[in-house]
Amino acid sequence: MNNTVLLKDYFSVYFSRFLRQDEGIISSERAENDPRNLFARALRALRRKELDGAMALLLQAAESGHAQAAFGIGICKVLIAQVQKSREAGDYADAAMWLSYAADLDLVEAMVALAFFHLAEDNPLYNLEHSALWFQRAAEAGDTEGIYEYGCCFLSGRGVEQDFVQAAYWFEKGAAMDDTMSQFELGVQYVEGEGVEKDIARAVSLFEKAVEKNHPGAMAALAQLYYTGEGLEKDYSKAYELYFKCYKLGNPKGNLGLARMYLDNEAIACDWQTALQLLSTDAAENFQHTRQLKSDILEQLTEGMKKGDAFSCVQLGWAMLNGHTYTGDKAKAFSLISMAARKDDPLARCLLRCYFSDQPNPNTASIDECAEFFRTQMEHGQAWAARELLLMVLRDELELSADETSQLFQQVYSMGDLSTREFIYDREQEESAGN
0 MNNTVLLKDY FSVYFSRFLR QDEGIISSER AENDPRNLFA RALRALRRKE
50 LDGAMALLLQ AAESGHAQAA FGIGICKVLI AQVQKSREAG DYADAAMWLS
100 YAADLDLVEA MVALAFFHLA EDNPLYNLEH SALWFQRAAE AGDTEGIYEY
150 GCCFLSGRGV EQDFVQAAYW FEKGAAMDDT MSQFELGVQY VEGEGVEKDI
200 ARAVSLFEKA VEKNHPGAMA ALAQLYYTGE GLEKDYSKAY ELYFKCYKLG
250 NPKGNLGLAR MYLDNEAIAC DWQTALQLLS TDAAENFQHT RQLKSDILEQ
300 LTEGMKKGDA FSCVQLGWAM LNGHTYTGDK AKAFSLISMA ARKDDPLARC
350 LLRCYFSDQP NPNTASIDEC AEFFRTQMEH GQAWAARELL LMVLRDELEL
400 SADETSQLFQ QVYSMGDLST REFIYDREQE ESAGN
């Protein structure tokens, strides 16, 4: 669902689409003022950035009943008001009049545009009821976007009384037309039992259809079902892959799901640093749930550090070193990791060797001790240990043959290391695009 609608964002897209459409042929067999000829000339003028001439031509065509011309006038008037930073309702009322005229000529695109027009919070004519009415008209005309958005109106009570049954009714219509957004929202309703009888099997079927079309929300929703085993058999591998794809599409729900998996020993070996890495991306920083989880982790580690807990000290220091907190302060990181190393924490001693070799410390582990510790942790399924061992090889601190290095890389991948999976995924995507 759209939480924030801005006129400039939506109408810039409408304008781009408007310019890209087929202008039609200017025919000498038709009268010069035939609306089809006028519209074609107007589009050419717009592409040459001759706004005044284009608007005059669109006006003539629109007055003769050309729906696309009226739509074009409405789009241009909205954008002109935006460029002029107008807050005068009259400037926008004129735009709305032309969009309404196009909609009354059965141009569905104009109906949807009007709905978003009244939904935009930066519009002095912002009106949720009017927005819902225009989405209704588009939905009743069979437009999939109108159907989805009208369902969302009932789902959230946006311009209409909240009604989960009506929301499901419209999402069912959209899903039957293979609309991805409707399939996702309807799937969520079947999971929650809102407006429909709870049916996980039906939800899974809808999510799978949406996942096939790369809907990130459906990926996260289906991953959650595999992770919890609600209504189907638990499958952590499938959950991970779905969350990972969602994350790679830039959706923070993927970050959140993966981070929780890296913190849950039942799923994969616990890895606080990878969880914090996932919770520190730009997408995650803009998502309330990821921000909250990161805050909870850092608060827990900080409390432990204050009590002198070696594990908390090393994890918090490592997070600083990786730039996941306190702007990556290396001096503070060294202080905390050294504190843990003085308590003979093996990870802290190894981190001193691997990342602070320029600062001599009596508690630093040797190269052999680091390699042995990481190998021991690998036996316990710790992907971060496999990654650190591989980094030692790449830094020429540990000598392995090419075959051994290759095997180690595969081990790192198979243990669920995020950075290695990203590397392989990105390479596969590049190869696929090249073909």
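Numbering follows numbering that gives the first Met the number 0, in which position 104 of the sequence shown is assigned residue number 103; successive positions increment by one, without gaps. Where is the CB? At the ideal position from N, CA and C, for every residue including glycine. Being a predicted model, the structure only gives us computed values, none of them experimental.
Could you spell out where the alpha helix (DSSP H) holding residue i opens and where it closes?
i: PRO436; result: Lying outside 0 to 434, the shown extent of the chain, residue 436 is not represented and no answer is given.
i: LYS237; result: 235-247
i: GLY303; result: 287-305
i: PRO34; result: 34-46
i: MET54; result: 50-62
i: PHE355; result: No alpha helix (DSSP H) holds PHE355; DSSP gives it neither H nor E.
i: SER334; result: 329-341
i: HIS117; result: 107-118
i: THR375; result: 366-378
i: LEU389; result: 382-393
i: LEU78; result: 66-82
I need the DSSP call for residue i, collapsed to helix, strand or coil.
i: ASP142; result: coil
i: ASP8; result: helix
i: SER27; result: coil
i: TYR450; result: Lying outside 0 to 434, the shown extent of the chain, residue 450 is not represented and no answer is given.
i: ILE199; result: helix
i: ASP416; result: coil
i: GLN161; result: coil
i: GLU193; result: coil
i: ASP402; result: helix
i: CYS269; result: coil
i: GLY322; result: coil
i: GLU22; result: coil
i: GLY230; result: coil
i: LEU104; result: coil
i: SER279; result: coil
i: LYS212; result: coil
Given that a residue counts as buried once 16 or more other Cβ atoms are within 10 Å of its Cβ, and exposed if not, what is residue i?
i: MET319; result: buried
i: MET96; result: exposed
i: ASP344; result: buried
i: ASP8; result: exposed
i: GLY89; result: exposed
i: THR227; result: exposed
i: ASN32; result: exposed
i: ALA309; result: buried
i: VAL82; result: exposed
i: ARG311; result: Looking at the sequence provided, one finds Ser at residue 311 rather than Arg. With 16 or more Cβ atoms within 10 Å of its Cβ, SER311 is classed as buried.
i: LYS293; result: buried
i: ALA39; result: buried
i: HIS214; result: buried
i: ARG420; result: buried
i: ASP357; result: exposed
i: SER26; result: exposed
i: ALA401; result: exposed
For the putative contact between residue i and residue j, defined by C-beta atoms under 8 Å, what is the C-beta separation to the nearest angstrom?
i: GLY73; j: PRO34; result: The Cβ separation is near 16 Å, so there is no contact.
i: GLY230; j: ALA200; result: 7 Å
i: GLY158; j: CYS151; result: With 8 Å as the limit, GLY158 and CYS151 do not qualify as a contact, their Cβ atoms being about 10 Å apart.
i: GLU144; j: VAL187; result: Actually they are not in contact, since the Cβ atoms of GLU144 and VAL187 sit about 18 Å apart, beyond 8 Å.
i: ALA238; j: ALA222; result: 5 Å
i: PHE10; j: LEU78; result: 5 Å
i: LEU440; j: ALA119; result: Given a span of 0 to 434 for the chain in the structure shown, any question on residue 440 remains unanswerable.
i: LEU275; j: ILE296; result: 6 Å
Taking 8 Å as the line, does the beta carbon of residue i fall inside it for any heavy atom of the ligand HEM?
i: VAL12; result: With respect to the ligand HEM, the structure shown offers nothing to examine, as it has no ligands at all.
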